[in-house]
Structure formats: C-alpha cells, structure tokens
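In our numbering, the protein residues as written are 8 to 361.
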Amino acid sequence: MSRPRPRPRRIVLASMATTVAMGQQGYEAHLAEALTRVAGTGWEVRTCRVRSLRSRAPGERRLPLQAVGSLPPHAGRWIGRAAYGRATVVHRLDLRIPPPAAPEVLTVHDLAPLRFADEGRLPRNWQASVRGAAAVVVPSAFTAAELEEITGVRAVVITHAHDPELVGAAPLGDDALATLGISRPYVLHAGGATERKNLAALADAWAMVRAERIDATLVLCGPPDTRRDGHFATLPGTVRPGRLDRPTLVGLLRGAGLVVVPSTYEGFGLPVLEALTAGVPVVASDRGSLPEVVGDAGLLVEPTGPGLAEGILATLADPEGAAARAARGRARARERSWDDVAADHLDLYRRVAG
Numbered sequence: 008m009s010r011p012r013p014r015p016r017r018i019v020l021a022s023m024a025t026t027v028a029m030g031q032q033g034y035e036a037h038l039a040e041a042l043t044r045v046a047g048t049g050w051e052v053r054t055c056r057v058r059s060l061r062s063r064a065p066g067e068r069r070l071p072l073q074a075v076g077s078l079p080p081h082a083g084r085w086i087g088r089a090a091y092g093r094a095t096v097v098h099r100l101d102l103r104i105p106p107p108a109a110p111e112v113l114t115v116h117d118l119a120p121l122r123f124a125d126e127g128r129l130p131r132n133w134q135a136s137v138r139g140a141a142a143v144v145v146p147s148a149f150t151a152a153e154l155e156e157i158t159g160v161r162a163v164v165i166t167h168a169h170d171p172e173l174v175g176a177a178p179l180g181d182d183a184l185a186t187l188g189i190s191r192p193y194v195l196h197a198g199g200a201t202e203r204k205n206l207a208a209l210a211d212a213w214a215m216v217r218a219e220r221i222d223a224t225l226v227l228c229g230p231p232d233t234r235r236d237g238h239f240a241t242l243p244g245t246v247r248p249g250r251l252d253r254p255t256l257v258g259l260l261r262g263a264g265l266v267v268v269p270s271t272y273e274g275f276g277l278p279v280l281e282a283l284t285a286g287v288p289v290v291a292s293d294r295g296s297l298p299e300v301v302g303d304a305g306l307l308v309e310p311t312g313p314g315l316a317e318g319i320l321a322t323l324a325d326p327e328g329a330a331a332r333a334a335r336g337r338a339r340a341r342e343r344s345w346d347d348v349a350a351d352h353l354d355l356y357r358r359v360a361g
C-alpha cells in the first residue's frame, strides 16, 4: 500500500483589508504572487485580509480591531488562531492585526507614527508584539537600525523589488498630458502630503526653480489634501491632477524629466525605486532610507528649499549626466525581482518552521 502524500506546509499571509491600494498593498500583492510561483509543491500559500467590524473593504475576516489592539499579545494570539486557521507559518504584514498562535514572521515597514503626529498610531503593545515574533522583516538597513535601537530586536532586511509593469511602459502622449493640463518638461512628485513628505520645502524650492526655468512644470499626484493645496494652489507652474489610475500614473512617470522625493523620513521609498525602474532621473532627500535606495543613481540633496532647488535645476540643466544616472538606476533596480524577494522570504519561513 502506498503511503499518503505528506500534507504541504501552509504559509498564511495576513494583512489589513483596504479600499485604496498604496505602496504597502503593492508589496503584499507582489509577494503573494511570487511566493505562489517559487514555493513549490511542499508549500501552500494562502492570504487572509482582516477588516474591522465596520469596514467596507473586501476581506476574509472581520474582527474588533480597536479592542484587539489593546489586548496583551498572548490574548491576541487566541484571536489570531481563529482568524488565520491552520498554518505552519503566519506572516503578519501589519501590526494592527492580531498575532498568530503559529510561528510568526512580522513585517515592519517603518516607525513613522513614533516620529510624526499625523502618521497614525501604533498599537499599544506593538513592542511586545515585535519581540514575540520568531522573525521580523524590514525593507531597509535604516529601518532595521531604528527598530533595534527601540526594541532590541535585530530584524532581517529584505528589500523590495521592481514592478515589472514599469519596464518598457510608454510615456503619456501629448494629448493625454494636455487633458491633465501638463506640458513638458515636468517634474513629478507622487505620494502623500503628511509632514514627513516635506511638501513645504518642495514649495519653497519650486519658487526658486521657476525663477530660472519658467518652462518647467511641477506635477503633484495624490488624493486631494488641504495641506498640498495650501502649499501649491497659488504657486505658478504647478499641476495637481489628484489620484490617478495606475496606467495613467505609470505613463506620467515614464515621461517625467525627473522625479523628486523630498521626504525627511522614509522606511524604504517606493517612488524612488519606481523612478529608477522606469529609467527616470531622481532627486531625493539624503534622509532615512533614501540614500540606500538611490545609491549613485540619483542626486541626494539636503531636504531644504535651496537644496531641493539646486538638485532639480542641476538635473534639468544636464540631460546627459541625468541620463547616465538614470541608466545606472535602471540597471540597479532591475537586478532584483519579486521572485528573488519571495525566495528570501521562503528561506526565512523554512528557518522559522524548523
């Protein structure tokens, strides 16, 4: 009689359900897809999106998340056991959802809520939660150092990979740009408007840029926000098209003269990686994790009005130098695929599962 085939080990990717996909949700989706490709027959990959009792976001489990966030980790694990089901390893992708009873890998993208009042709040017992995980994943050495300083936990750095849809994507044509009120050359900023995004300094910089380059346009993508409006509504040469669908944003990125990332704090800096992948020159702040992501493939500047203006003007004035940096960035970004990222995670799951 033949022996029954062993049951595959199960990985559950547990995340927070959301109605609007941002950078974190992109990471979660790419990781799930790549793990399914590389895991092989010995592993089964499942996802579990947790939503609050009132949330309209699609998901598999509803939980009283506010109450769960105040529970000690050992009590939260009883809820996690019921929410995530049978698992060899649970990879919890958000601190706001309960920890599992199974061996856990936990991703921490950044600790911005500790630094900035407008970045939300971490759960009350987040440090105990981090210390209770079998392994913690972070996207940069910067975040790893910050996490270790605060919690004493040494994290595993697994950086993100490039988005394949940016490779070979076509820039928006003149008609599409005109519909958005945009003319070339344009500088692109795509992201939020919270304090750490440093839009006040970018507004100061843009006034200096326009004094020398009246032909240039600054395009600021993102959902409507009174803070962004307050900085740029009356500033000449700026366009705020709002939140764009992904194909439009990709086309806009591909045609940009440069991407500017003025943030004073980033746990990784996805807009930088997207610009490098698309072969677009980058001017970025020399703060947080951004120097790690940029390397020698862009200009790193002080996150002040004069510093940002100098970097933007230098890039616009030297297309050959900008193109050379962009070529280095394209090669740098495309060295790492999501299959590589998934393989690194799978190695970690094997160690955690034993």
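C-beta atoms are modelled at their ideal positions from N, C-alpha and C, and glycine is treated no differently.
Query: Closest to residue 265 by C-alpha separation, out of 144, 137, 34, 331, would be which residue?; Result: 331
Query: List in chain order: all unbroken beta strand (DSSP E) runs of 3+ residues lying wholly within the region 165-248.; Result: 193-197, 224-228
Query: Taking the beta strand (DSSP E) that residue 116 falls in, what are its first and last residues?; Result: Neither: residue 116 is in no beta strand (DSSP E) and is coded neither H nor E.
Query: Put residue 327 into one of helix, strand or coil per three-state DSSP.; Result: helix
Query: From residue 352 to residue 186, what distance separates their C-alpha atoms?; Result: 43 Å
Query: Alpha carbon to alpha carbon, what distance is there between residue 261 and residue 177?; Result: 7 Å
Query: Quick one, which of 198, 290, 74 has its alpha-carbon nearest residue 231's?; Result: 198
Query: Determine the closest residue to residue 89 out of 145, 107, 299, 348, with distance taken between C-alpha atoms.; Result: 107
Query: Beta carbon of residue 137, beta carbon of residue 143: below 7 Å?; Result: yes
Query: Can you give me the Cβ contacts of residue 41 inside the same chain, cut-off strictly under 6 Å, excluding the 5 residues immediately before and after it?; Result: 345, 346, 349
Query: Thinking C-alpha only, which one of 22, 92, 115, 133 is nearest residue 16?; Result: 92
Query: Is the region 228-244 in contact with the region 144-161, if contact means three or more CB pairs nearer than 8 Å?; Result: no
Query: Output the boundary residues of the alpha helix (DSSP H) element that contains residue 142.; Result: From DSSP, residue 142 is part of no alpha helix (DSSP H) but of the beta strand (DSSP E) over 142-145.
Query: Pull up the CB-CB distance for residue 148 and residue 164, whole angstroms please, since I reckon it's below 8 Å.; Result: 6 Å
Query: Counting Cβ pairs closer than 8 Å, one from the region 43-54 and one from the region 72-81, do we hit at least three?; Result: no
Query: By DSSP's criteria, residue 56 is part of a beta bridge. Which residues make up the other side?; Result: 22
Query: Give the range of the alpha helix (DSSP H) segment to which residue 5 is assigned.; Result: No statement about residue 5 is possible, as the shown extent of the chain runs from 8 to 361 and does not include it.
Query: Taking only three categories from DSSP, how would you classify residue 153?; Result: helix
Query: Helix, strand or coil: how does DSSP classify residue 307 here?; Result: strand
Query: Please determine, among 305, 319, 359, the residue with the shortest C-alpha to C-alpha distance to residue 211.; Result: 319
Query: Reducing DSSP to helix, strand and coil, say where residue 291 ends up.; Result: strand
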